[in-house]
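Trainee: First residue of the sequence shown: 19, per our numbering; consecutive thereafter. Input: one structure, supplied below.
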Amino acid sequence: MKENSLAPITSNSLCQELKIFGSEEVDLSLNINNISYSLKLEPRVTLLDALREKLGLMGTKKACDRGECGACTILVNGRRINSCMTLAVMHINAEITTIEGLAQDGKLHPMQTAFITHDAFQCGYCTSGQIVSAVGMILEELPKSEAEIRENMSGNLCRCGAYPNIIAAIRDVLKEMKDAAI
Numbered sequence: 019m020k021e022n023s024l025a026p027i028t029s030n031s032l033c034q035e036l037k038i039f040g041s042e043e044v045d046l047s048l049n050i051n052n053i054s055y056s057l058k059l060e061p062r063v064t065l066l067d068a069l070r071e072k073l074g075l076m077g078t079k080k081a082c083d084r085g086e087c088g089a090c091t092i093l094v095n096g097r098r099i100n101s102c103m104t105l106a107v108m109h110i111n112a113e114i115t116t117i118e119g120l121a122q123d124g125k126l127h128p129m130q131t132a133f134i135t136h137d138a139f140q141c142g143y144c145t146s147g148q149i150v151s152a153v154g155m156i157l158e159e160l161p162k163s164e165a166e167i168r169e170n171m172s173g174n175l176c177r178c179g180a181y182p183n184i185i186a187a188i189r190d191v192l193k194e195m196k197d198a199a200i
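Shown next, in the form of structure tokens:
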């Protein structure tokens, strides 16, 4: 029978790698809206808090802080995520897009324009998460029906009940897209 011994870890490189699991701040770089930011953060800082508190990107909203409402929705490598439910250190090599990054060269993204045209907001608190989620939904897979839009947007809550206008805005954008089934 072979004996296993548990020797203490003393490797400097391994200790450096394990630093990310401690409570000391670590240096990291995040690519947000095509801009590289160098930050010093505690490993337990959520991506939402890094965006708002460290970088001043206030478009991504902090609401439930439990991943239930979608107000903090952002895109990571083109996929929708709730930024309150993930740590900033987990996204060092990712392409992160917030509501601020959708507009290009001073021109609103078509989804932003459609939300304005269709008055797809009332209080506006959920609007940035709704818009980013709608863009992400289209990037992930074009919905083929209004029922699919509703299902795919079900993770984004609107307390004001602007859902009919939100759906109309999304349908408007889909109509303008090539190969859109709606």
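The beta-carbon is built from N, C-alpha and C at its ideal position, and this holds for glycine as well. Since this is a predicted model, take the numbers as computed values, not measurements.
My assumption, with CB atoms under 8 angstroms, is that residue 127 sits in contact with residue 153. Please give the rounded CB distance.
Mentor: Going by Cβ atoms, the distance from residue 127 to residue 153 rounds to 7 angstroms, so yes, they are a contact pair.
Trainee: Between which two residues does the alpha helix (DSSP H) carrying residue 193 extend?
Mentor: Here the alpha helix (DSSP H) through residue 193 covers 181-194.
Trainee: Mapping DSSP to helix, strand and coil, what is residue 22?
Mentor: Only weak support exists for where residue 22 lies, its pLDDT of 45 falling under 50; the value from the coordinates is given anyway. Coil, per DSSP.
Trainee: How long is the line joining the alpha carbons of residue 168 and residue 161, rounded to whole angstroms?
Mentor: Residue 168 and residue 161: Cα-Cα distance of roughly 9 angstroms.
Trainee: If we require 3 or more residues per run, which beta strand (DSSP E) segments fall completely within the segment 67-137?
Mentor: Counting whole runs of 3 or more residues, the segment 67-137 contains the beta strand (DSSP E) stretches 91-94, 97-100, 113-115.
Trainee: Pick helix, strand or coil for residue 157, following the three-state DSSP scheme.
Mentor: Of the three classes helix, strand and coil, the one that applies to residue 157 here is helix, per DSSP.
Trainee: Taking DSSP as the reference, what is the three-state secondary structure of residue 163?
Mentor: Of the three classes helix, strand and coil, the one that applies to residue 163 here is coil, per DSSP.
Trainee: Closer than 7 angstroms by C-beta to residue 145: which residues in its own chain qualify, once you throw out the five before and the five after it? Chain order, please.
Mentor: Around residue 145: 133, 139.
Trainee: Let me know the secondary structure DSSP gives residue 150 once reduced to three states.
Mentor: If DSSP states are grouped into helix, strand and coil, residue 150 belongs with the helices.
Trainee: Over the uninterrupted beta strand (DSSP E) stretch that includes residue 49, give me the two end residues.
Mentor: Looking at the DSSP string, the run of the beta strand (DSSP E) that includes residue 49 is 44-50.
Trainee: Residue 64 bridges to which residues according to DSSP?
Mentor: According to DSSP, residue 64 bridges with 105.
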